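Participant: Sharing a structure here in structure tokens format.
Numbering (the numbering used here), first residue to last: 7 to 353.
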């Protein structure tokens with residue numbers, strides 16, 4: 007039964023709600039193993055045994071938004087706030103380049119201090135000094151003109167998780183100032199401008215159901231993003247969802263495999279959250295179809311301040327300095343970290 011669903015999915019067929027539920031709920035170990043193996047094979051056919059690394063630079067922990075699940079929400083008076091200077095960001099890139107990174111991901115809250123002019127200056131500075139590198143931005147909802155300006159300055163990619171494609175679910179995760187319609191509009195604007203675009207959602211977020219997950223997958227099918235970032239929801243102690251249950255490793259792995267089979271060419275990270283909930287989370291994510299990892303390049307003194315959720319890992323194998331060990335761990339499962347921009351591969 008599960009093998010037939012997987013075969014249809016791999017062949018480009020649709021996935022109904024009942025079939026999705028079967029894949030996510032089944033205790034058929036052989037069938038689930040088949041799902042993950044076919045997903046890994048699909049990735050190998052396009053990207054081979056290559057695993058792409060992104061140097062993550064968390065450059066500001068200030069945010070104007072008050073999303074109920076996030077540890078750096080503006081309403082969290084206990085959050086430790088910081089901003090990196092452009093000089094500090096350039097030093098992160100310099101260190102990362104020497105280690106073999108050819109993509110830098112600038113991630114932060116929606117910090118109004120970082121105006122269009124400041125972001126463009128940072129992007130232009132990185133592209134000028136490291137012209138063979140890609141710059142990815144992950145700084146939230148902006149105007150189309152902002153996105154156009156960043157792109158003109160040299161930004162290549164933009165990550166903007168939609169979080170949920172269901173309106174009611176979105177409203178239960180976010181304050182009324184934020185709306186799903188605008189989040190989706192931003193994603194389509196980014197794609198039309200020419201970015202490699204990333205969407206995604208949290209697995210096991212509060213009030214998530216099989217119906218909302220199904221809507222997420224349908225939205226991803228419609229948008230056809232170049233990247234999809236999914237990871238388990240992990241609560242943060244200083245948010246309204248402090249006592250909510252975390253998402254599970256197994257559900258996340260199954261959804262990684264499903265997304266890989268739905269969109270074989272997608273760039274699919276084994277996320278920090280996956281590594282946080284399980285010591286082998288990264289490797290298990292790769293085996294399930296992921297092909298991107300994002301070690302932390304931020305200055306050591308600020309890494310523990312960027313706490314989106316409880317116990318977020320930022321040292322050891324998660325850190326850029328642990329890249330040698332991470333390379334060895336990928337080699338042990340038959341994969342290789344490469345010095346490459348790792349762009350989306352079109353047909």
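Glycine included, each C-beta is placed from N, C-alpha and C at the ideal position.
Quick caveat, the model's predicted, so the values are computed rather than measured.
Can you list, in chain order, the residues of its chain with a C-beta nearer than 8 Å to that of residue 124? Leave out the 5 residues immediately preceding and following it.
Facilitator: Taking the first residue of the chain shown as position 1, residue 124 is located at position 118. So the list reads 92, once near-sequence residues are dropped.
Participant: Could you tell me how far apart the beta carbons of residue 193 and residue 165 are, in whole angstroms, since I believe they sit closer than 8 Å?
Facilitator: Counting from one through the chain shown, the residue named residue 193 turns up at place 187. Counting from one through the chain shown, the residue named residue 165 turns up at place 159. Not quite, the Cβ-Cβ distance comes to about 10 Å (not below 8 Å), so this is no contact.
Participant: Comparing C-alpha positions only, which one of 288, 199, 109, 170 sits nearest to residue 149?
Facilitator: Locating residue 149 in the chain shown gives position 143, where the first residue counts as 1. Measuring from the Cα of residue 149, the nearest candidate turns out to be 199.
Participant: Looking only at C-alpha atoms, which of 28, 24, 49 sits nearest to residue 265?
Facilitator: Residue 265 sits at position 259 when you count from the first residue of the chain shown. Taking only the C-alpha atoms, the option nearest residue 265 is 49.
Participant: Is it buried or exposed, residue 334, if we count other Cβ atoms within 10 angstroms and call 16 or more buried?
Facilitator: On the chain shown, residue 334 is found 328 positions in, with the first residue counted as 1. With fewer than 16 Cβ atoms within 10 Å of its Cβ, residue 334 is classed as exposed.
Participant: Answer with yes or no whether the minimum CB distance from residue 17 to chain D is below 8 Å.
Facilitator: Going by chain labels, chain D is absent from the structure shown, which holds only one protein chain.
Participant: DSSP beta-bridge partners for residue 207?
Facilitator: Position 201 of the chain shown holds residue 207. Paired residues: 169, 236.
Participant: CB-CB under 6 Å to residue 323, same chain, minus the five flanking residues each way: which ones, in chain order?
Facilitator: Numbered from 1 along the chain shown, position 317 holds the residue referred to as residue 323. Low per-residue confidence applies at residue 323: pLDDT is 47, beneath 50, and the placement is therefore not dependable, though the value from the model is reported in the following sentence. Excluding positions up to five away in sequence, the list reads 331, 332.
Participant: Taking 8 Å as the limit between beta carbons, can you name the residues of its chain near residue 300, skipping five residues before and five after?
Facilitator: As a working note, residue 300 is residue 294 in the chain shown. Only 59, 60, 61, 62, 111, 275, 277, 278 meet the Cβ criterion.
Participant: So, under 8 Å CB-CB, residue 262 and residue 291 are touching, yes? Tell me the CB distance rounded to an integer number of Å.
Facilitator: Within the chain shown, residue 262 is the residue found at index 256, counting from 1. Within the chain shown, residue 291 is the residue found at index 285, counting from 1. Sure, about 6 Å apart at Cβ, within 8 Å.
Participant: Rounded to whole angstroms, what's the CA-CA distance from residue 287 to residue 57? Just pull it up for me.
Facilitator: Counting from 1 along the chain shown, the entry for residue 287 is found at position 281. Counting from 1 along the chain shown, the entry for residue 57 is found at position 51. So the alpha carbons of these two residues sit roughly 15 Å apart.
Participant: Hey, how far is the Cα of residue 205 from the Cα of residue 152?
Facilitator: Residue numbering aside, residue 205 sits at position 199 when the chain shown is read from its first letter. Residue numbering aside, residue 152 sits at position 146 when the chain shown is read from its first letter. Going by the C-alpha atoms only, they are around 18 Å apart.
Participant: Contact defined as beta carbons within less than 8 Å: I believe residue 293 pairs with residue 339. What is the distance between those atoms, to the nearest angstrom?
Facilitator: As a working mapping, residue 293 is identified with position 287 in the chain shown. As a working mapping, residue 339 is identified with position 333 in the chain shown. Going by Cβ atoms, the distance from residue 293 to residue 339 rounds to 6 Å, so yes, they are a contact pair.
Participant: Can you give me the C-alpha to C-alpha distance between residue 178 and residue 304, rounded to a whole angstrom?
Facilitator: Position 172 of the chain shown holds residue 178. Position 298 of the chain shown holds residue 304. Approximately 32 Å, taken between the alpha carbons.
Participant: Can you tell me where the alpha helix (DSSP H) with residue 67 in it begins and where it stops?
Facilitator: Indexing the chain shown from 1 puts residue 67 at position 61. Where residue 67 is concerned, there is no enclosing alpha helix (DSSP H), given that its DSSP letter is neither H nor E.
Participant: Look up residue 352 in the DSSP assignment and say whether it is helix, strand or coil.
Facilitator: Counted from its first residue, the chain shown places residue 352 at position 346. DSSP places residue 352 in coil when its eight states are reduced to three.
Participant: Does the Cβ-Cβ distance between residue 268 and residue 309 come in under 8 Å?
Facilitator: The count along the chain shown starts at 1 and reaches residue 268 at position 262. The count along the chain shown starts at 1 and reaches residue 309 at position 303. Taking 8 Å as the Cβ cut-off, residue 268 and residue 309 do not qualify as a contacting pair.
Participant: By the 10 Å Cβ neighbour count, where 16 or more other Cβ atoms means buried, how is residue 222 classified, buried or exposed?
Facilitator: Position 216 of the chain shown, counting from 1, holds the residue named residue 222. So residue 222 ends up on the buried side.
Participant: Excluding the five sequence neighbours on either side, which residues of its own chain have a C-beta within less than 7 Å of the C-beta of residue 156, listed in chain order?
Facilitator: As a position in the chain shown, residue 156 is number 150, starting the count at 1. The residues are 125, 126, 129, 143.
Participant: Just to confirm, are residue 114 and residue 314 a CB contact at a threshold of 8 Å?
Facilitator: Taking the chain shown and counting its residues from 1, the one referred to as residue 114 is at position 108. Taking the chain shown and counting its residues from 1, the one referred to as residue 314 is at position 308. The answer is no: Cβ separation not under 8 Å.
Participant: Is residue 120 helix, strand or coil when you go by DSSP?
Facilitator: The sequence position of residue 120 within the chain shown is 114, counting from 1. Looking at residue 120 - three-state DSSP - the assignment turns out to be coil, as it is neither helix nor strand.
Participant: Please classify residue 323: does DSSP put it in a helix, a strand, or coil?
Facilitator: Here the question's residue 323 lines up with position 317 in the chain shown. Any answer about residue 323 is weak, because its pLDDT of 47 lies below 50 and its placement is not dependable; what the coordinates show is given next. Residue 323 falls in the helix class under three-state DSSP.
Participant: Determine the DSSP secondary structure at residue 298, reduced to helix, strand or coil.
Facilitator: Reading the chain shown from its first residue, position 292 is the one you call residue 298. Three-state DSSP puts residue 298 in a strand.
Participant: Spatial neighbours of residue 24 within its chain, please: CB distance less than 6 Å, with the 5 preceding and 5 following residues excluded, ordered by chain position.
Facilitator: As a first step, residue 24 must be located in the chain shown, where it is residue number 18. So no residue of the chain qualifies.
Participant: Give the list of continuous alpha helix (DSSP H) stretches no shorter than 4 residues that lie fully inside the stretch 9-70.
Facilitator: Segments of the alpha helix (DSSP H) lying fully in the stretch 9-70: 23-31, 35-53.
Participant: Does the Cβ of residue 135 have 16 or more other Cβ atoms within 10 Å, making it buried, or fewer, making it exposed?
Facilitator: Here the question's residue 135 lines up with position 129 in the chain shown. By the neighbour-count rule (16 or more Cβ atoms within 10 Å), residue 135 is not buried but exposed.
Participant: In chain order, what residues of the same chain have a beta carbon less than 8 Å from the beta carbon of residue 189, not counting five sequence neighbours either side?
Facilitator: Mapped onto the chain shown, residue 189 falls at position 183. Excluding sequence neighbours, residue 189 sits near 147, 166, 168, 169, 176.
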